[in-house]
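Asks: Below you'll find the structure I mean.
In the numbering used here, the protein residues as written are 3 to 120.
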């Protein structure tokens, strides 16, 4: 039987070589190589992180913050390169989610059987 870590590294290599990752990497580099687009993207990410941190800490998000976030999202959606990056990121996340389901299938089956026996 193969070493599980060797299989994991093979999976990582496969992910890096996948069409989804390559498309994401290309879209990311395009955004990062344009200073104006990069600044817009960084502002979008910073806004997302701020709101996520507030939520995680149980802090209330003000109406002003919601409106600011909506403006940032609208601006970002109008940028073709950032929209493409977000689309490619979603494709890769779907792939990773599918792989995760495959990897965790033995646990689901084990615990699923356990629940059925009760």
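By construction, the Cβ of each residue, glycine as well, lies at the ideal position given by its N, Cα and C atoms.
1) Take residue 92 as the anchor and find which of 9, 30 and 45 has the nearest alpha-carbon.
2) Expressed to the nearest angstrom, what Euclidean distance is found between the alpha-carbon atoms of residue 45 and residue 32?
3) So residue 59 is in the alpha helix (DSSP H); what residue range does that whole segment cover?
4) Assuming residue 83 contacts residue 39 under a Cβ cut-off of 8 Å, what Cβ separation, rounded to an integer in Å, is found between them?
5) Just to confirm my understanding: we take residue 63, look at its own chain, exclude 5 residues before and 5 after, and list those with CB closer than 8 Å. What are they?
6) Answer with buried or exposed for residue 78, where buried requires no fewer than 16 other C-beta atoms within 10 angstroms of its C-beta.
7) Alpha carbon to alpha carbon, how far is residue 11 from residue 105? Give it in angstroms, no decimals.
8) Exposed or buried, which one is residue 26 when buried takes at least 16 other CB atoms within 10 Å?
9) On the DSSP letters alone, give me the boundaries of the alpha helix (DSSP H) that residue 12 sits inside.
10) Ignore the nearest five residues each way along the sequence and tell me which others in residue 66's own chain have a CB closer than 7 Å to its CB.
Replies: Taking the geometry as given:
1) Indexing the chain shown from 1 puts residue 92 at position 90. The shortest C-alpha separation from residue 92 is found at 30.
2) Here residue 45 refers to the residue found at position 43 when the chain shown is read from its first residue. Here residue 32 refers to the residue found at position 30 when the chain shown is read from its first residue. Their backbone Cα atoms lie some 17 Å apart in a straight line.
3) By 1-based counting over the chain shown, the position of residue 59 is 57. Premise fails: residue 59 is in no alpha helix (DSSP H) and is neither H nor E.
4) Locating residue 83 in the chain shown gives position 81, where the first residue counts as 1. Locating residue 39 in the chain shown gives position 37, where the first residue counts as 1. Right, their Cβ atoms sit about 5 Å apart.
5) What you label residue 63 is simply residue 61 of the chain shown in a count that begins at 1. Closer than 8 Å at the Cβ level, and outside the excluded window around residue 63, lie 53, 56 and 57.
6) Within the chain shown, the letter at position 76 stands for residue 78. Residue 78 is buried by the Cβ-count criterion.
7) Position 103 of the chain shown, counting from 1, holds the residue named residue 105. Position 9 of the chain shown, counting from 1, holds the residue named residue 11. Between residue 105 and residue 11, the C-alpha separation is close to 14 Å.
8) Indexing the chain shown from 1 puts residue 26 at position 24. Flag for residue 26 reads buried.
9) For this step, residue 12 is matched to residue 10 along the chain shown. Residue 12 -> alpha helix (DSSP H) spans 6–19.
10) Reading the chain shown from its first residue, position 64 is the one you call residue 66. The answer is none, since no qualifying residue turns up.
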